[in-house]
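Residue numbers (our numbering), protein chains in the order written: chain F, 1 to 236; chain W, 1 to 236.
Shown next, in structure tokens, is the structure this report addresses.
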DNA sequence: GTCTATAGCTAGATAGAC
DNA sequence: GTCTATCTAGCTATAGAC
């Protein structure tokens with residue numbers, strides 16, 4: 001409970017348990033990176049981390065939970081880097097670019113096991129389902145980063161309500177695309193993200209221009225109503 | 001190899017193997033519907049189908065493969081119903097509505113185990129990955145249905161290239177949404193689909209109107225270029 | 001509360017006999 | 001094409017040490 005947000009905890013302050021947990025996590029990630037997620041067994045991880053199998057399960061209820069913990073770590077890192085990276089940047093396009101590419105850079109080397117994050121996507125009740133109840137805190141944290149990215153920019157009040165969620169959803173798609181992207185340095189993903197952000201920001205600008213406003217307004221209104229009905233109300 | 005498209009095969013013509021496979025499939029689906037996907041074991045299925053566990057695995061390499069086979073069946077049914085349902089319908093909005101709602105109706109009662117389709121989404125090399133090489137034939141077949149839906153309507157040549165793929169992608173999202181939708185009769189999904197289709201068709205109309213064409217054209221051009229670069233060329 | 005050691009369960013998947 | 005037997009690995013359980 002009181003650990004939330006304690007991302008900068010010093011090693012010295014950690015309890016024995018926290019240290020063990022960290023060792024298991026890092027060992028597992030090393031193995032995932034070296035041999036792949038599927039072929040690495042919990043027994044392998046425990047052995048390499050020099051703990052009993054039971055200890056690994058004591059800290060991580062499942063193998064996927066290790067990847068989920070890794071992703072938590074990623075999110076903390078992302079929030080940190082985004083805070084720095086956004087400083088001084090004013091334009092919407094630039095700010096979104098910073099946030100998205102930072103995320104890509106953080107994840108890039110771990111494409112091999114990122115797929116595990118999506119294993120329970122079709123399983124609403126599973127605690128690790130991307131869209132499920134169990135991952136709501138992480139989801140909110142992630143959305144908050146996108147909220148931060150559009151904060152201060154001249155985005156209309158209507159858009160501000162659901163754009164962060166759309167960006168979060170889009171960023172999930174980006175991660176999936178990244179996993180499938182075999183191009184050198186995953187440049188294809190980077191290019192696609194840039195293209196999408198170009199389109200998005202141009203669209204946002206367009207919607208605020210008085211000239212096309214009459215055309216766009218009914219669209220936007222309908223879209224917002226629809227999303228609200230679909231259960232995507234943003235209650236911040 | 002020679003079975004593809006033989007959806008109307010008569011029972012009498014089936015070999016013993018084909019009969020066994022069908023029995024296993026139907027038995028499994030019954031169990032999935034009655035008790036759920038996770039709790040139903042391959043042993044349960046084999047026992048209920050009165051075959052050995054090995055026999056089940058002889059026909060279906062994994063438990064998810066059974067759901068995949070079910071989905072093949074769904075697609076054949078969908079193609080059939082869509083052919084009938086589209087007859088006489090001319091407008092884009094109406095045609096898309098027919099195709100999408102038909103799909104929903106076919107899947108509606110089986111939400112409980114549809115999630116299994118997405119289990120390997122994050123696993124590019126898995127034969128059952130939704131976006132992977134192994135499911136390309138099914139994907140093409142599904143896209144062809146959407147192509148059929150927009151055929152004959154006044155959609156621009158540019159849009160015609162990638163709209164079917166966008167619809168396929170959207171329809172995947174729809175299925176995911178359906179899985180999470182606990183509302184009575186899954187009306188929320190139906191409403192969302194209708195809303196989305198309204199927006200889409202209005203947007204398509206807008207893009208062909210001479211008035212806004214100068215605004216929309218560069219958008220469209222960039223989008224197509226981008227998608228092509230991302231590897232979504234449509235080589236029909 | 002943090003761990004070890006170990007044993008066992010379950011169920012997905014496979015091998016090899018027939 | 002079908003069966004029986006077996007393997008594997010995720011996961012659980014327990015009892016005890018510190």
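Virtual Cβ for every residue (Gly too), placed ideally from N, Cα, C.
Keep in mind it's a predicted model, so treat the numbers as computed, not measured.
Inspect the beta-carbon positions of residue i and residue j and report whether they are closer than 8 Å.
i	j	result
residue 113 of chain F	residue 203 of chain F	no
residue 227 of chain W	residue 162 of chain W	yes
residue 64 of chain F	residue 119 of chain F	yes
residue 230 of chain W	residue 188 of chain F	yes
residue 206 of chain W	residue 215 of chain F	yes
residue 106 of chain W	residue 74 of chain W	yes
residue 72 of chain W	residue 138 of chain W	yes
residue 158 of chain F	residue 224 of chain F	yes
Rounded to the nearest angstrom, what separates residue i and residue j at their Cα positions?
i	j	result
residue 244 of chain F	residue 132 of chain F	The structure shown does not extend to residue 244 of chain F, since chain F is modelled only from 1 to 236, so the question has no answer here.
residue 94 of chain F	residue 195 of chain F	13 Å
residue 200 of chain W	residue 42 of chain F	47 Å
residue 54 of chain F	residue 18 of chain F	16 Å
residue 209 of chain F	residue 154 of chain F	12 Å
residue 182 of chain F	residue 136 of chain W	18 Å
residue 20 of chain F	residue 165 of chain W	47 Å
residue 125 of chain F	residue 61 of chain F	15 Å
residue 22 of chain W	residue 121 of chain F	28 Å
residue 78 of chain F	residue 109 of chain W	41 Å
residue 90 of chain F	residue 174 of chain F	24 Å
residue 57 of chain W	residue 134 of chain W	18 Å
residue 184 of chain W	residue 168 of chain F	28 Å
residue 213 of chain W	residue 81 of chain F	41 Å
residue 218 of chain W	residue 180 of chain W	37 Å
residue 76 of chain F	residue 144 of chain F	12 Å
residue 156 of chain F	residue 92 of chain F	12 Å
residue 176 of chain W	residue 232 of chain F	15 Å
residue 66 of chain F	residue 66 of chain W	29 Å
residue 33 of chain W	residue 52 of chain W	21 Å
residue 31 of chain W	residue 152 of chain W	42 Å
residue 14 of chain F	residue 70 of chain W	51 Å
residue 35 of chain F	residue 140 of chain W	33 Å
residue 59 of chain F	residue 59 of chain W	39 Å
residue 160 of chain W	residue 160 of chain F	32 Å
Does the Cβ of residue i have 16 or more other Cβ atoms within 10 Å, making it buried, or fewer, making it exposed?
i	result
residue 128 of chain W	buried
residue 142 of chain W	buried
residue 46 of chain W	buried
residue 221 of chain F	exposed
residue 123 of chain W	buried
residue 178 of chain W	buried
residue 186 of chain W	buried
residue 116 of chain F	buried
residue 192 of chain F	buried
residue 171 of chain F	buried
residue 39 of chain W	exposed
residue 97 of chain F	buried
residue 68 of chain F	buried
residue 190 of chain F	buried
residue 236 of chain F	Only weak support is given to the placement of residue 236 of chain F: the predicted model assigns it a pLDDT of 46, under 50, and the question is left unresolved by the model.
* Asked: Does the count of Cβ pairs from the region 70-89 of chain W and the region 99-114 of chain W closer than 8 Å reach three?
  -> The answer is yes - the region 99-114 of chain W touches the region 70-89 of chain W, with three or more Cβ pairs under 8 Å.
* To do: Identify every run of the beta strand (DSSP E) within the region 103-186 of chain F, keeping only runs that are complete inside it and at least 3 residues long; order them along the chain.
  => For the region 103-186 of chain F, not a single whole beta strand (DSSP E) run of length 3 or above is found.
* Minimum length 4: unbroken alpha helix (DSSP H) runs contained in the region 4-85 of chain F -> The qualifying runs are 16-35, 42-48, 53-59.
* To do: Could you tell me whether the region 47-56 of chain F touches the region 18-28 of chain F, where touching means 3 or more Cβ pairs closer than 8 Å?
  => With a cut-off of 8 Å, the region 18-28 of chain F and the region 47-56 of chain F count as touching, because enough Cβ pairs lie within range.
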